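A quick write-up on the structure given underneath.
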Amino acid sequence: MSRPPSKAAQETVDRVRLALGHPTAPQAKPSAHATAGERREFDFTTLPEYEILKIWKAVGDLTRIGNPFYRLHDGRAGNTTSIDGRTIANFSSYDYLGLNGHPDVSAAAKTAIDRFGTSVSASRLSAGERQVHRDLESALARLSGTEDAIAFVSGHATNVSVIGELLGPEDLIVADAVIHNSIVEGAKLSGAKRILCPHNDLDAFERALRLNRARYRRALIVVEGLYGMDGDVPDLAGLIKLKRRYNAWLMVDEAHATGALGRTGRGIAEEQGIDPAEVEIWMGTLSKTLAAAGGYIAGSRALIELIRYTSPGFVYSVGLSPPVAAAAAAAVDVMMREPGRAAALRRNGRALLERARARGLDTGLSIGASVVPVIVGNSPQTVMLSERLLERGFNVVPAVFPGVAENQARLRFFITSQHTPEQIDAVIDAVAEELPRILGGSSFVSTIAGR
Ligand SMILES: Cc1ncc(COP(=O)(O)O)c(C=O)c1O
Numbered sequence: 043m044s045r046p047p048s049k050a051a052q053e054t055v056d057r058v059r060l061a062l063g064h065p066t067a068p069q070a071k072p073s074a075h076a077t078a079g080e081r082r083e084f085d086f087t088t089l090p091e092y093e094i095l096k097i098w099k100a101v102g103d104l105t106r107i108g109n110p111f112y113r114l115h116d117g118r119a120g121n122t123t124s125i126d127g128r129t130i131a132n133f134s135s136y137d138y139l140g141l142n143g144h145p146d147v148s149a150a151a152k153t154a155i156d157r158f159g160t161s162v163s164a165s166r167l168s169a170g171e172r173q174v175h176r177d178l179e180s181a182l183a184r185l186s187g188t189e190d191a192i193a194f195v196s197g198h199a200t201n202v203s204v205i206g207e208l209l210g211p212e213d214l215i216v217a218d219a220v221i222h223n224s225i226v227e228g229a230k231l232s233g234a235k236r237i238l239c240p241h242n243d244l245d246a247f248e249r250a251l252r253l254n255r256a257r258y259r260r261a262l263i264v265v266e267g268l269y270g271m272d273g274d275v276p277d278l279a280g281l282i283k284l285k286r287r288y289n290a291w292l293m294v295d296e297a298h299a300t301g302a303l304g305r306t307g308r309g310i311a312e313e314q315g316i317d318p319a320e321v322e323i324w325m326g327t328l329s330k331t332l333a334a335a336g337g338y339i340a341g342s343r344a345l346i347e348l349i350r351y352t353s354p355g356f357v358y359s360v361g362l363s364p365p366v367a368a369a370a371a372a373a374v375d376v377m378m379r380e381p382g383r384a385a386a387l388r389r390n391g392r393a394l395l396e397r398a399r400a401r402g403l404d405t406g407l408s409i410g411a412s413v414v415p416v417i418v419g420n421s422p423q424t425v426m427l428s429e430r431l432l433e434r435g436f437n438v439v440p441a442v443f444p445g446v447a448e449n450q451a452r453l454r455f456f457i458t459s460q461h462t463p464e465q466i467d468a469v470i471d472a473v474a475e476e477l478p479r480i481l482g483g484s485s486f487v488s489t490i491a492g493r
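The sequence shown lines up with residues 43 to 493 when you count with the working numbering.
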């Protein structure tokens with residue numbers, strides 16, 4: 043079913059219409075859900091959602107702001123990248139430890155292609171496993187400090203499928219308000235009662251559990267090890283106390299924490315001195331620090347066995363492509379062998395955070411590890427800032443509504459072990475110069491932004 047746009051989206055559209063000199067809503071077009079007897083029009087451009095896309099495009103054309111999303115990169119994107127043939131500094135890569143293209147990682151992928159080809163063609167349940175799958179899962183269990191691990195073809199699908207299957211309508215899920223979309227989608231799929239608590243507010247988590255736990259069969263608390271939007275971390279020891287008191291499972295998504303937290307980059311447990319066995323469900327992605335694609339769950343032998351036989355995203359989906367599995371396993375090896383990479387990332391993260399603060403930029407809650415936001419306030423101005431930075435030789439992709447609240451639009455800096463002090467200083471100086479110009483700039487953009 044096509045839904046009407048949300049209230050916030052509709053308000054943005056109305057502001058844009060006003061700014062474009064179209065104060066009245068456009069004539070309704072034939073609905074894509076025409077009733078019997080009406081002309082049936084299978085035209086997606088008539089959907090309200092499509093209308094919003096068109097309006098955003100019109101705004102972009104009119105203000106000459108390019109589309110900051112889906113930028114085409116000419117080659118490997120690390121701390122530098124090439125866009126339109128120009129080499130620029132890149133702050134939008136999750137290759138936190140610079141392992142994408144590392145000779146050992148690439149060689150492992152090539153060897154796996156030579157031996158197994160590029161596909162295993164079907165679910166491992168029916169088409170069987172390859173040694174690279176088993177090697178990867180042992181490496182992930184070692185990395186996580188758990189009994190076992192299991193790898194899926196997508197990080198997003200891992201969360202959707204595992205949460206969607208382990209919990210049901212008689213269960214309770216308590217999650218942080220800024221949790222990643224994949225967890226929200228998994229929770230919806232499960233049909234469980236869902237409570238989103240204000241960000242990192244353990245009192246709110248406690249209240250949600252105290253008031254609701256008794257009425258539900260299972261309870262799951264879900265947090266991120268390092269929040270991808272804000273760059274801060276949860277209090278894991280506090281959450282462990284809560285999950286014990288209320289007999290809940292604790293799940294930690296380490297997507298942005300692996301490689302970035304802990305002395306050797308093993309994540310939040312290492313950072314905060316927690317025994318990994320205290321957390322029932324560890325989740326991670328292969329796409330970021332591990333230079334591949336896919337997701338994984340790490341935990342007890344029983345949990346992994348359960349997932350292996352019941353999780354639809356594993357049982358009914360193809361096994362990881364051999365070069366992808368081999369690349370991720372090799373990336374774990376390099377990371378564990380070379381802890382200096384994680385240390386370099388932390389140095390760079392701290393340097394960027396300190397420089398941004400010194401220049402008066404709003405970095406929100408970031409601790410200065412792999413993610414540092416610079417909060418601008420509204421989406422159009424954030425997009426403009428990203429575009430100005432691109433002109434000046436920096437790729438920094440914005441996070442805008444509906445990914446974040448409309449007044450919380452931001453540039454997100456993803457920091458890698460490979461960034462140089464010069465790149466860090468230069469990009470922050472460029473932001474500090476451009477931001478006041480944009481905030482004090484075009485009344486057109488201000489009208490759109492509702493300022
Ligand atoms: C916290 C978090 N979890 C899960 C995912 C999904 O991972 P993937 O992109 O590897 O599918 C992401 C992706 O950015 C993420 O940020």
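C-beta atoms are modelled at their ideal positions from N, C-alpha and C, and glycine is treated no differently. The model shown is predicted, which means the values in this text are computed figures rather than measured ones.
Any non-hydrogen atom of ligand 1 closer than 7 Å to G197 Cβ: yes
If distances are taken between C-alpha atoms only, which option among V438, A131, D243 comes closest to D274? D243
Cβ atoms of T424 and D137: under 8 Å apart, would you say? no
Can we count A297 as close to ligand 1, meaning its CB is less than 7 Å from some heavy atom? yes
When the Cα atoms are used, what is the spatial distance from K99 to V202? 31 Å
Following the continuous beta strand (DSSP E) through L262, name the residue where it begins and the one where it ends. 261-266
Could you name the residues of the same chain whose beta carbon sits closer than 6 Å to that of P440, not counting the 5 residues immediately before and after it, in chain order? P110, T424, V425, S428, L453
How many angstroms separate the CA atom of E320 from the CA atom of N132? 37 Å
Going by DSSP in three states, T327 sits in which element: helix, strand or coil? strand
Based on Cα-Cα distance, which residue from A384, D146, T462 lies nearest to H298? A384
For ligand 1, any of its heavy atoms closer than 7 Å to the Cβ of S224? yes
Could you spell out the range, first to last residue, of the alpha helix (DSSP H) harbouring I155? 145-158
What ranges does the beta strand (DSSP E) occupy inside the segment 390-436, keeping only unbroken runs of at least 3 residues that lie completely in it? 413-419
Quick one: measure Cβ to Cβ for F247 and L303, integer angstroms, because I've assumed they're closer than 8 Å. Their Cβ separation, rounded to whole angstroms, is 21 Å, which puts F247 and L303 out of contact at 8 Å.
Span separating the alpha-carbon of A164 from that of A150: 22 Å
For L328 versus L139, is the C-beta spacing smaller than 8 Å? no
Below-8 Å beta-carbon distance, A398 vs any chain C residue: The chain labelled as chain C is not found in the depicted structure, where only one protein chain is given.
T300 Cβ short of 7 Å to ligand 1 heavy atom set: no
First through last residue of the alpha helix (DSSP H) which encompasses L95: 90-105
So is R118 buried or exposed if we call it buried at 16+ other beta carbons inside 10 Å? exposed
Could you check what DSSP says for I282 in three-state terms: helix, strand or coil? helix
Taking 7 Å as the cut-off, does the CB of G206 come closer than this to any heavy atom belonging to ligand 1? no
By DSSP, does Y20 sit in helix, in strand, or in coil? Given that the chain is displayed from residue 43 to residue 493, the structure contains no residue 20 and the question cannot be resolved.
Please go through the same chain and pick out, in chain order, the residues whose beta-carbon is closer than 6 Å to the beta-carbon of A499, but skip the five residues on each side of it. The question about residue 499 has no answer, for the chain in this structure spans 43 to 493.
Neighbour-count burial assignment, Q465, 16 or more Cβ in a 10 Å radius: buried
Closer than 7 Å: is that where the CB of S329 sits relative to any heavy atom of ligand 1? yes
Which complete alpha helix (DSSP H) runs does the segment 194-248 hold, if anything under 4 residues is left out? 197-208, 223-232
Cβ shell of T122 (< 7 Å), same chain only, five flanking positions each side left out: T129, I130, A131, N132
Given this structure, state the Cα-to-Cα distance separating V264 from A333, to the nearest angstrom. 25 Å
So if DSSP puts L292 in a beta bridge, which residue, or which two residues, is it bridged to? I263
On the three-state DSSP scale, how would you describe I346? helix
Counted within 10 angstroms of its Cβ, other Cβ atoms place P72 as buried (16 or more) or exposed: Confidence at P72 is low in this model, with a pLDDT of 48, below 50, so its placement is unreliable and the value that follows should be read with caution. Exposed, by the Cβ-count rule.
Is the beta carbon of V174 closer than 8 Å to that of F535? Past the boundaries of the shown model lies residue 535; the chain is included only from 43 to 493, so the question cannot be answered.
G187, DSSP secondary structure in three states: coil
What three-state label does DSSP hand G341 in the structure shown? strand
Once DSSP output is grouped into helix, strand and coil, what is the label at L477? helix
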